[in-house]
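Participant: Sequential numbering from 1 applies to the sequence shown in the UniProt record's numbering.
C-beta atoms are modelled at their ideal positions from N, C-alpha and C, and glycine is treated no differently.
Mind having a look at this structure? Questions to follow.
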Amino acid sequence: MSGHGQPVPMVARKGAALVGTAVVPGDKSISHRSLILGALSIGETHVTGLLEGQDVLDTAKAMRAFGAGVERLGEGEWRIEGVGVGGFAEPEGVIDCGNSGTGVRLIMGSMATSPIVATFTGDASLNGRPMARVTDPLALFGTRALGRRGGRLPMTIQGAEDPVPVRYATPVPSAQVKSAVLLAGLNAPGETVVIEREATRDHSERMLAGFGASLTTEVTPEGRVITLKGQPELRGQSVAVPCDPSSAAFPVCAALIVPGSDVLVPNIGLNPTRAGLYQTLRDMGADLTYENPREEGGEPVADLRARYSPAMKGIEVPPERAASMIDEYPVLSVVAAFAEGRTEMPGVRELRVKESDRIDAMATGLRACGVTVDEGEDWWAVEGLGAGGVPGGATVESRLDHRIAMSFLCMGLGSAQPVRVDDGGPIATSFPVFEGLMAALGARIDRANA
């Protein structure tokens, strides 16, 4: 059952080629951060292109609960009147972050060094995800957390009365953990330092600097060292959110496996810490081209064209690339099923603790659709069946996970038999226009109970 209502069974069938322009929603990572940093700034922040999926809308509600003025002006256009660093008010009610691990962890960080108390909850999926990876480093500032056994939501966070700066080496590559610590460091005196052994998406660093924080990044033998000077006065900004490369992955990957397809996805963010999927697809032999490359708002963007690619080959994805494409492995595994040979994906332990155990969820569904999958704790491998070789014909569980649902619906567009998902409802959390966008390209995706 969806965490946002009754289950929405959906089915995808083979049909005509996918052709046209797919304008995908704004980048989810940047959308979350623009709301939070706008709330922590002095003055007005004006955002265009904001993703209006449920995850981001829940973050907008949370910022209002902490005292910021948050107003929707039109489609994708929002205004935030900030309260400044350290200016959050104590919320009167529980902060419900729905399905969003990014939202809850970044919001926890943003209030962790203010002398207030807030209680967080989410849907069934989010309440099953571990929060200790964030609350443990936040405790170093003087923050206290009380949650369910195993460090799970619902959870009450008591912000530090007298925060101290922190030096923290992230034990696993996680932009959420890094960002939560940096946001907490904003209201701590002195310098807060985060050390990453493997680089993760750097939207927080780019945006913090853009809002006026004093922040430096240095590559050392320890890893990537990010130093933030505490207690800055952030100033409201104008933020143009580029299109989300993680959402773009679905029309792009569908085009690669559906004969005759030619799809253009304009204005895609191609931050190198996010674009690992597209390099991997090119390594497999996918027909992907970047058109009109440019920079907008400090982020590299381009128009991405994807064409049907029947000659793709399986590869071993470099493990050091995992952090730059961690959310795209589910749909990559679908593409791998249509390639020739074995695609190996090592170094992906993080997939076990996403909205679902994504390795298990995809492996189970792929096997049901006739694809051989091997897996371990931090790796998995797909034996490709070649172009047009995937039988399909199964009903798979989405497990309250938007990316699992969309990945299998893309598979159904290229497989011999239709593929059904038991609940497509969670898709609205990140990609609310998915059905209409795919239909406009020619995809046969329907609500099974319509």
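#1: Thinking C-alpha only, which one of Asp360, Ser31, Gly49, Thr200 is nearest alanine 60?
#2: Pull up the CB-CB distance for threonine 280 and leucine 332, whole angstroms please, since I reckon it's below 8 angstroms.
#3: When the Cα atoms are used, what is the spatial distance from glycine 142 to valine 177?
#4: Does the distance from the C-beta atom of valine 334 to that of serine 407 stay below 7 angstroms?
#5: Given this structure, state the Cα-to-Cα distance separating glycine 393 from glutamine 417, to the nearest angstrom.
#6: With H, G and I counted as helix, E and B as strand and the rest as coil, what does DSSP make of threonine 364?
#7: Could you tell me whether the stretch 167–174 touches the stretch 117–125, where touching means 3 or more Cβ pairs closer than 8 angstroms?
#8: Per DSSP, which one or two residues make a beta bridge with glutamate 81?
#9: With DSSP as the reference, label alanine 405 as helix, strand or coil.
#10: I need the boundaries of the beta strand (DSSP E) containing proline 391, first residue and last residue.
#11: Identify, in the order they occur along the chain, each residue of the same chain with its Cβ nearer than 6 angstroms to the Cβ of aspartate 27, setting aside the five sequence neighbours on each side.
#12: I need the straight-line Cα distance from valine 24 to isoleucine 226, nearest angstrom please.
#13: Among Gln158, Asp422, Gly412, which residue has its Cα nearest to the Cα of alanine 12?
#14: By the DSSP assignment, the alpha helix (DSSP H) with glutamate 435 in it spans what residues?
#15: Helix, strand or coil: which one does DSSP assign to threonine 372?
#16: Can you tell me which of the three DSSP states valine 252 falls into?
#17: May I ask you to list the residues that DSSP assigns as paired with isoleucine 95?
#18: Tell me the DSSP secondary structure of tyrosine 308 in three-state form.
#19: Are the stretch 209–229 and the stretch 246–266 touching by the rule of at least three beta carbon pairs closer than 8 angstroms?
#20: Name the one or two DSSP bridge partners that residue 500 has.
#21: By Cβ distance below 8 angstroms, which residues in the same chain neighbour proline 293 in space, the five residues on each side in sequence not counted?
#22: With a Cβ-Cβ cutoff of 7 angstroms, do alanine 339 and glycine 384 count as a contact?
#23: Hey, glycine 314 and arginine 358: beta-carbon distance below 7 angstroms or not?
#24: State the CB to CB distance for the pair glycine 82 and alanine 68, rounded to an integer number of angstroms; the pair is presumed to be in contact (CB under 8 angstroms).
#25: Between the C-alpha atoms of alanine 450 and arginine 206, what's the straight-line distance to the nearest angstrom?
#26: Measure how close the beta-carbons of residue 485 and leucine 18 come, nearest whole angstrom, since I'm counting them as under 8 angstroms.
#27: Which of helix, strand or coil does DSSP assign to leucine 186?
#28: Are the beta-carbon atoms belonging to asparagine 187 and valine 104 less than 7 angstroms from one another?
#29: If alanine 184 sits next to threonine 102, beta carbons under 8 angstroms apart, how far is it from one beta carbon to the other, in whole angstroms?
#30: Of all the alpha helix (DSSP H) runs that stay within the bounds of the stretch 176–224, which reach a length of 4 or more residues?
Facilitator: The structure says:
#1: Ser31
#2: Sure, about 7 angstroms apart at Cβ, within 8 angstroms.
#3: Those two C-alpha atoms are separated by around 16 angstroms.
#4: yes
#5: 5 angstroms
#6: helix
#7: no
#8: Glu44, Gly69
#9: helix
#10: Premise fails: proline 391 is in no beta strand (DSSP E) and is neither H nor E.
#11: Val241, Pro242, Asp244, Gly269
#12: 31 angstroms
#13: It is Gly412.
#14: 434–441
#15: strand
#16: helix
#17: Phe120
#18: Tyrosine 308 falls in the coil class under three-state DSSP.
#19: no
#20: The structure shown does not extend to residue 500, since the chain is modelled only from 1 to 450, so the question has no answer here.
#21: Leu270, Pro300, Val301, Ala302
#22: yes
#23: no
#24: 6 angstroms
#25: Reliability fails at alanine 450, whose pLDDT of 48 lies under 50, so the model's placement of it is uncertain and the value that follows must be treated cautiously. If I take the Cα positions, the gap works out to 44 angstroms.
#26: Within the shown structure, residues of the chain are numbered from 1 to 450, placing residue 485 beyond reach of any answer.
#27: coil
#28: no
#29: Actually they do not touch by this definition, with Cβ atoms about 16 angstroms apart.
#30: 203–210
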